[in-house]
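> The following block contains the structure, expressed as structure tokens.
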Amino acid sequence: MKKRADLSSSKGQSGFTLIELSVVLAIMTLMAMFSVPKFMESINEKRTGLTIQETQAVLDAARTYRMKNGAWPGDSTCSNAKSVLEGTTPPMLSGVSHKNKFNAPISTQCTTYTFSITQNIIQDWDGDVANGLPSTTITDTANHTIKTTIGVPGTEPALSSKLSRVSTGNAEDNRMRATLYMGGQTIAEGGDIQLATANPTITAQNGSLNLASATNDVSIAPGNILTVDNIKLRTRNNALLSDLLPNYVQKGTYLVRHGWGVIKPTCSNGGVPKASLRPGMMSGGYDPGVTGSGIFGFVYRLIDNGSMWIVQTDIWGTAEERNKLDSLVDVYCYYP
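Residues in the sequence shown are numbered consecutively from 0, following numbering that gives the first Met the number 0.
As structure tokens, this is what we get:
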């Protein structure tokens, strides 16, 4: 009899032959060779984008700090700028690590007018990060180091036509070169206003112009002259000052006697020199031994003598009595 072959052992054996396994490994190797670089490129693209965003976030925070405080954040070289920005209330910067996405430290520096961030990238990707950040250069090609620099707000390229909110050291950055239109808005927190144009004008284009102060006092500096056509007084039922004032300005009152002179005043702006003589007193009395004594009739006159007025007194009495007669002369400028 023929022996039946034992097929049980052959049925229990299965798998790849060495040739089949070699083919599979070769295919996987080829797949890895093509997929790993693509995978790393995708990772580095994400690193590049995040590094650009975080660098810009630090620069924006530094710019905001400079505009608010007038100085760059941190010490004199801004080496601790990031910590200062994170420590403001509220924080001007948050969520940015001290290392970039390429695991390199983020270093900050500054001068009087510039703020910079220096950081290392990796080979072949330093240019991509530099191209994504304005004002960025590769400062060390061997170590793939890039440096991004901004100026004082208002001094960066493309911002030269904008006014800076803070002093930059260049007055032109703070100087208006065109008419400033406020659109009806209020100017608040102002200081002194210095007008450089000769004979400037302040005009209320609608309604009246109101001047007020917290102390209820609006004054003109000493040595200055206020020129107006008229003044309305609220405390006099809005009467005009011109209606309350006489049309003359008194220059003085002088005590005179017969034959004395009073110099005419100088009157500005069309004023006419005038004088008013008024009797002051008469001395003397009746003396039986003197003819005409005790007669008290008298006449006062002011005689115009060119640059002055001469007092003339005529009496019915003695010359001694006449020379003792005191009179007053009011001198003023008359404005017809």
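Where a beta carbon is used, it is the ideal one built from N, C-alpha and C, also for glycine.
Source: prediction; values computed, not measured.
DSSP on R176, reduced to helix/strand/coil?
Along the sequence shown, read from residue 1 onward, the residue named residue 176 stands at position 177. In the structure shown, R176 sits in coil (DSSP, three-state: anything other than H, G, I, E or B).
> Locate the alpha helix (DSSP H) running through K81, then write down its first and last residues.
Taking the sequence shown and counting its residues from 1, one reaches residue 81 at position 82. Unbroken alpha helix (DSSP H) run through K81: 80–85.
> Put D228 into one of helix, strand or coil per three-state DSSP.
For the purposes of this step, residue 228 is taken as the residue at position 229 of the sequence shown. Correct three-state label for D228: coil.
> Which residue or residues does DSSP assign as beta-bridge partners of M307?
Start at 1 with the first residue of the sequence shown, and residue 307 comes out as number 308. Partner(s): I262.
> Could you check the C-alpha separation between Y253 and Q184 for me, to the nearest Å?
Residue 253 sits at position 254 when you count from the first residue of the sequence shown. Residue 184 sits at position 185 when you count from the first residue of the sequence shown. Rounded to whole angstroms, Y253 to Q184 spans 59 Å at the Cα level.
> Please state if the CB of L132 and the CB of L51 are separated by a distance shorter than 9 Å.
The residue you call residue 51 lines up with position 52 of the sequence shown. The residue you call residue 132 lines up with position 133 of the sequence shown. Reading off the sequence shown, one finds Ile at residue 51, where the question assumed Leu. Yes. Within cutoff.
> Per DSSP, V248 is paired with what?
By 1-based counting over the sequence shown, the position of residue 248 is 249. Answer is C332.
> DSSP on T144, reduced to helix/strand/coil?
Within the sequence shown, numbered from 1, the residue matching residue 144 stands at position 145. T144: strand per DSSP, three-state reduction.
> For the segment 246–262 against the segment 301–312, do three or more pairs of beta-carbon atoms, one drawn from each stretch, fall closer than 8 Å, so that the two count as touching?
Yes: at least three Cβ pairs fall under 8 Å.
> What do you get for H97, buried or exposed, if any count of 16 or more other CB atoms within 10 angstroms of its CB means buried?
Numbered from 1 along the sequence shown, position 98 holds the residue referred to as residue 97. Exposed: under 16 other Cβ atoms inside 10 Å.
> Answer with yes or no whether the minimum CB distance from D242 to chain D is below 9 Å.
No chain D is present in this structure, which holds just one protein chain.
> Pick out whichever of T138, T214, A318, I262 has its Cα sitting closest to the Cα of G305.
For this step, residue 305 is matched to residue 306 along the sequence shown. Nearest option by C-alpha distance: I262.
> Counting Cβ pairs closer than 8 Å, one from the segment 107–123 and one from the segment 133–152, do we hit at least three?
A contact exists between the segment 107–123 and the segment 133–152.
> With H, G and I counted as helix, E and B as strand and the rest as coil, what does DSSP make of R46?
The residue you call residue 46 lines up with position 47 of the sequence shown. In the structure shown, R46 sits in a helix (DSSP, three-state: H, G or I).
> Round the Cβ separation of V217 and C332 to the nearest angstrom and send it over; I've been treating them as touching at under 8 Å.
By one-based count along the sequence shown, residue 217 stands at place 218. By one-based count along the sequence shown, residue 332 stands at place 333. Contact flag wrong, Cβ pair sits at about 29 Å.
> Comparing C-alpha positions only, which one of V57, T87, W71 sits nearest to I105?
In the sequence shown, the residue the question calls residue 105 occupies position 106. The candidate whose alpha carbon is nearest that of I105 is V57.
> Under three-state DSSP, which class holds D381?
Nothing can be reported for residue 381, as the shown portion of the chain is limited to 0 through 335.
> Roughly how many angstroms lie between the CA atoms of E53 and T16, to the nearest whole one?
For the purposes of this step, residue 53 is taken as the residue at position 54 of the sequence shown. For the purposes of this step, residue 16 is taken as the residue at position 17 of the sequence shown. Each residue's Cα considered, the two are about 54 Å apart.
> Name the one or two DSSP bridge partners that L301 has.
Taking the first residue of the sequence shown as position 1, residue 301 is located at position 302. L301 pairs with V310.
> Quick one: grab the DSSP three-state call for A56.
Within the sequence shown, the letter at position 57 stands for residue 56. DSSP places A56 in helix when its eight states are reduced to three.
> Tell me the DSSP secondary structure of G150 in three-state form.
Your numbering for residue 150 matches position 151 in the sequence shown. Strand at G150.
> Take D127 as the anchor and find which of A195, N79, L20, F101 has the nearest alpha-carbon.
As a working mapping, residue 127 is identified with position 128 in the sequence shown. The candidate whose alpha carbon is nearest that of D127 is F101.
> Could you spell out where the alpha helix (DSSP H) holding S241 opens and where it closes?
Counting from 1 along the sequence shown, the entry for residue 241 is found at position 242. It spans 240–243 - the alpha helix (DSSP H) in which S241 sits, taken as one unbroken run.
> Which residues does DSSP list as the beta-bridge partners of A203?
Looking up residue 203 in the sequence shown gives position 204. According to DSSP, A203 bridges with nothing at all.
> Which residue's Cα is closest to the Cα of N173: P278, A195, R164?
In the sequence shown, residue 173 corresponds to position 174, counting from 1. Comparing Cα-Cα distances from N173 to each of P278, A195, R164, the minimum goes to R164.
> Below 6 Å CB to CB, which residues in the same chain sit around S282 once its five sequence neighbours on both sides are set aside?
Position 283 of the sequence shown holds residue 282. Only weak support exists for where S282 lies, its pLDDT of 49 falling under 50; the coordinates are left without a value.
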